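**Q** Protein chains in written order, with my numbering: chain L, 10 to 332; chain U, -19 to 344.
#1: Quick one: which chain L residues come within Cβ less than 7 Å of residue 283 of chain U?
#2: Would you mind giving the Cβ-Cβ distance between residue 198 of chain L and residue 130 of chain L, rounded to the nearest angstrom? I have them listed as a contact below 8 Å.
#3: Note down, in chain order, all residues in the region 149 to 183 of chain U with a beta-carbon under 9 Å from any beta-carbon belonging to chain L.
#4: Do three or more CB pairs link the region 15 to 27 of chain U to the region 310 to 321 of chain U at distances below 8 Å?
#5: Please identify the residue among L:293, L:188, L:75 whose C-alpha is closest to the C-alpha of residue 155 of chain L.
#6: Comparing the C-beta of residue 327 of chain L with each C-beta of chain U, is any distance below 7 Å?
#7: Is residue 136 of chain U close to chain L, meaning its C-beta is less than 7 Å from at least one C-beta of that chain?
#8: Please confirm if residue 312 of chain L has its CB atom under 7 Å from at least one CB of chain U.
#9: Is residue 79 of chain L helix, strand or coil when you go by DSSP?
#10: Could you give the C-beta distance for residue 205 of chain L and residue 134 of chain L, rounded to a whole number, given that I count them as a contact under 8 Å?
#11: Output the distance between the C-alpha atoms of residue 176 of chain U and residue 207 of chain U, rounded to the nearest integer angstrom.
#12: Does residue 280 of chain L get closer than 7 Å to chain U when you measure Cβ to Cβ?
#13: Tell me, please, whether the CB atom of residue 30 of chain L is closer than 7 Å to any CB atom in chain U?
#14: Indicate whether at least one CB of chain L lies closer than 7 Å to the CB of residue 2 of chain U.
#15: Counting contacts by CB-CB distance shorter than 7 Å, is residue 328 of chain U in contact with chain L?
#16: I'd like to know if the region 134 to 148 of chain U and the region 235 to 249 of chain U are in contact, where contact means that at least 3 CB-CB pairs between them fall below 8 Å.
#17: Which residues mark the beginning and the end of the alpha helix (DSSP H) in which residue 202 of chain U is found?
#18: What is the DSSP secondary structure of residue 59 of chain L, reduced to helix, strand or coil?
#19: Find out if the Cβ-Cβ distance for the pair residue 156 of chain U, residue 162 of chain U is shorter than 7 Å.
#20: Do you know how far the Cα of residue 209 of chain L is from the Cα of residue 335 of chain L?
#21: Can you give me the Cβ contacts of residue 279 of chain U inside the same chain, cut-off strictly under 7 Å, excluding the 5 residues immediately before and after it?
#22: Shortest alpha-carbon distance to residue 205 of chain U belongs to which of U:224, U:179, U:220?
#23: Would you list, in chain order, the members of the region 70 to 101 of chain U that have their beta-carbon closer than 9 Å to a beta-carbon of chain L?
#24: Going by the beta-carbon positions, is the gap between residue 107 of chain U and residue 285 of chain U smaller than 7 Å?
#25: Tell me which residues share the same chain as residue 304 of chain U and place their Cβ nearer than 6 Å to its Cβ, disregarding the 5 neighbours each side in the sequence.
#26: Using a Cβ cut-off of 7 Å, which residues of the region 102 to 114 of chain U contact any Cβ in chain L, in chain order?
#27: Determine, using beta carbons only, whether residue 55 of chain L comes closer than 7 Å to chain U.
#28: Answer yes or no: does any C-beta atom of chain L fall closer than 7 Å to that of residue 5 of chain U?
#29: Tell me which residues share the same chain as residue 309 of chain L and place their Cβ nearer than 6 Å to its Cβ, disregarding the 5 neighbours each side in the sequence.
#30: When the Cα atoms are used, what is the spatial distance from residue 287 of chain L to residue 274 of chain L?
#31: Could you check whether the Cβ of residue 273 of chain L sits closer than 7 Å to any Cβ belonging to chain U?
#32: From the beta carbon of residue 126 of chain L, is the nearest beta carbon of chain U less than 7 Å away?
#33: For the region 125 to 145 of chain L, list every residue whose C-beta sits within 9 Å of some C-beta in chain U, in sequence order.
#34: Can you find the residues in the same chain that come closer than 6 Å, C-beta to C-beta, to residue 252 of chain L, ignoring five residues on each side of it along the sequence?
#35: Got a sec: is the Cβ-Cβ distance from residue 236 of chain L to anything in chain U below 7 Å?
#36: Please name the residue in U:192, U:248, U:55 whose C-alpha comes closest to that of residue 109 of chain U.
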């Protein structure tokens, strides 16, 4: 008994403590391809966000340099490799800086909503009673409603129209948080309700552990195993919500930070006159980032669920047998 | 949300019911009533939430007309509209008004909110219906194909296609469609619901439905009908692709589940064709979870409609909502949000009832 636990204990922390690496080891074939593609895209996104100040030739709100004003709507090529916008911004620079804004908002939104959603889910699920019922009905109502609309209302309330860089990022992040809390709440609550009936909770009660200790030591540890998965899936949704907010004009001001959704809004009128570069580059940036994050999340979902994994293997062999 | 929901394998009761309804066996009528009553808290919570969120920013008159009137004029109009009373009093008054179907008048252009809802609601309904048709036309056949050819290369391509559908914001899809089919190829119009002539004719009709295609067909104006269809294609495809990806995955996951069942094998041994096995034996039972999740997509569709309508200048509720939001016309915004909340709640109700009719296990 002790030898097996130590051998597992010695090996597991290396591979299994880091969710993505353990998933990579488990994967095979098509699944591995999707996971690797997702990881590569996500890595590019994070690198672009981190290194934007170094790589970007210009600032995101820069329209002049030593040689004079930038041309407006210049085609890609030469000094401006992806062209310039109607306002004279460099598309390449803005796309890179946009990655930074997106990463900041995603991380803040998801961390805030995990924190609040997990807390509420634990309390609601463990304590139960009328508090639980009220929270469940409220969470279900919010969950059913178009998330983008709620985020818009929140962003108006928070920023009241004007927003600086941090103000705008905070406003966007909080707006998205409100939308996501019900999702974490539901997952964690369901797990908590299930775990509450487990013998180890009962024995902790017998030993005399306090309610809070049981909640945050015993139940929390077990209920949060699915979180990395929701994290990746929500990260992509957070980015889409941010872009939607920006597109409708409720995001961050263009001179305070570069934001892909806002740039796409501006590019809409360009498209009617055949100017493609102002819209295509930020748009592709959104698509590839969401694609990357979703592929990672999806693969983790499939690999993390033993039923899906086993069924896959079984099916594959039977398929070969039939063919 | 879209991703999370499509792996539902067993039809399950709506989560709210799990918490409230007793586990005793009940009749269908009882389920119907319980589920119907649950519509109201949903709408009530959303109305309350939006009302107070909007009021946190101040009264609607200052928000909409703040820069344009002198402080005295503002104070006068605020008093006239009753916005100087305690918020809680206004809240109960508003609830009462909604109950009688009175949504007030918009502040920015002084129209009855109910008139705004009926005028533009038809356009949104038309867009939503069109895109649903596109989504089903793409989602179901390709989903069946992916399930049949599971883990082979067409399946891989279709899965990536489904994720791409989800990963592409509707407004970017719209921009690309406009660029390719509107500007470069010049095949389709890129904005609006109809050309100027058709629009004039359709709006001057006697009691129109507001759904342009229906109106054009009813008046027998084939030219206008073809114009309307041409205008409808790009917005419907942009919004339809978003949900098509979800449907594709949904059909794939659930049909894979039913394809492995014994009765499919039994059918195969009786000599039922592979095509028939797929489209009848495996597909039919897979429909319940598909319908359930489809109902949840209504929220995605409505949220997407705001973006699609803005992209294509499609003058529906979403387009107007964006306009009113920019104008800070909170009376109008509240009215539209209440209507959307009602639509979402009623759709979910209908979907749950359909699921219960098909599968008795859902009832309790």
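All C-beta atoms, glycine included, are put in the ideal place defined by N, C-alpha and C.
Just so we're clear, the structure is a prediction, and the values are computed from it rather than from any experiment.
**A** So, to answer that:
#1: By Cβ distance, chain L contributes 155, 156, 157, 158.
#2: Correct: roughly 4 Å between the Cβ atoms.
#3: Residues are counted here when their Cβ sits less than 9 Å from a Cβ of chain L; for the region 149 to 183 of chain U these are 149, 150, 151, 152, 153, 154, 155, 156, 158, 159, 162, 163, 164, 170, 171, given in chain order.
#4: A contact is defined here as three or more CB-CB pairs under 8 Å, and the region 15 to 27 of chain U meets this definition with respect to the region 310 to 321 of chain U.
#5: Looking from the CA of residue 155 of chain L, the closest CA among L:293, L:188, L:75 belongs to L:188.
#6: Residue placement at residue 327 of chain L is poorly supported in this model, since its pLDDT is 42, which falls under 50; the coordinates still yield a value, given next. Not an interface residue.
#7: Chain L, which has a Cβ nearer than 7 Å to the Cβ of residue 136 of chain U, makes this yes.
#8: For residue 312 of chain L, no Cβ of chain U is located within less than 7 Å of the residue's own Cβ.
#9: The answer is coil: DSSP assigns residue 79 of chain L none of H, G, I, E or B.
#10: That belief holds up - the Cβ atoms of residue 205 of chain L and residue 134 of chain L are roughly 7 Å apart, short of 8 Å.
#11: One Cα belongs to residue 176 of chain U, the other to residue 207 of chain U, and the distance between them is close to 10 Å.
#12: Yes, residue 280 of chain L counts as interfacial toward chain U.
#13: Residue 30 of chain L is outside the set of residues whose beta carbon lies under 7 Å from a beta carbon in chain U.
#14: The predicted model places residue 2 of chain U with a pLDDT of 45, which falls under 50 and marks its position as unreliable; any figure quoted below should be read in that light. By this cut-off, residue 2 of chain U is not an interface position.
#15: At least one chain L Cβ lies under 7 Å of residue 328 of chain U.
#16: Between the region 134 to 148 of chain U and the region 235 to 249 of chain U there are fewer than three inter-stretch CB-CB distances shorter than 8 Å, so the stretches are not counted as touching.
#17: That run of the alpha helix (DSSP H) goes 202 to 239.
#18: Correct three-state label for residue 59 of chain L: helix.
#19: With contacts defined as CB atoms closer than 7 Å, residue 156 of chain U and residue 162 of chain U fail to qualify as a contacting pair.
#20: No answer is possible for residue 335 of chain L: it lies beyond the span of chain L, which begins at 10 and ends at 332.
#21: Cβ within range, chain order: 324.
#22: The candidate whose alpha carbon is nearest that of residue 205 of chain U is U:179.
#23: Answer in chain order: no residues at all.
#24: Taking 7 Å as the Cβ cut-off, residue 107 of chain U and residue 285 of chain U qualify as a contacting pair.
#25: Non-local C-beta neighbours of residue 304 of chain U in its own chain, meaning closer than 6 Å and more than five positions away in sequence, comprise 312, 313, ordered along the chain.
#26: For the region 102 to 114 of chain U, which is checked against every Cβ of chain L, not one residue is closer than 7 Å.
#27: No, residue 55 of chain L lies away from the interface with chain U (no Cβ there is under 7 Å from its Cβ).
#28: The predicted position of residue 5 of chain U is uncertain, since its pLDDT is 49 and thus under 50; a value taken from the coordinates is nonetheless stated next. Answer no: the Cβ-Cβ gap between residue 5 of chain U and chain L never drops below 7 Å.
#29: Taking residue 309 of chain L as the centre and dropping the five residues before and after it, the same chain places the C-beta of 32, 238 closer than 6 Å to its C-beta, in chain order.
#30: Taking the straight line joining both Cα atoms gives about 10 Å.
#31: Under the Cβ criterion of 7 Å, residue 273 of chain L is counted among the residues facing chain U.
#32: Answer no: the Cβ-Cβ gap between residue 126 of chain L and chain U never drops below 7 Å.
#33: For chain U, the residues of the region 125 to 145 of chain L that bring a beta carbon within less than 9 Å of one of its beta carbons are 141, 142, 145, in chain order.
#34: Apart from the 5 residues on each side of it in sequence, residue 252 of chain L sits with its Cβ closer than 6 Å to the Cβ of 269, 270, 295 in its chain, given in chain order.
#35: No - not a single Cβ of chain U is within 7 Å of the one on residue 236 of chain L.
#36: Among U:192, U:248, U:55, the Cα nearest to that of residue 109 of chain U belongs to U:192.
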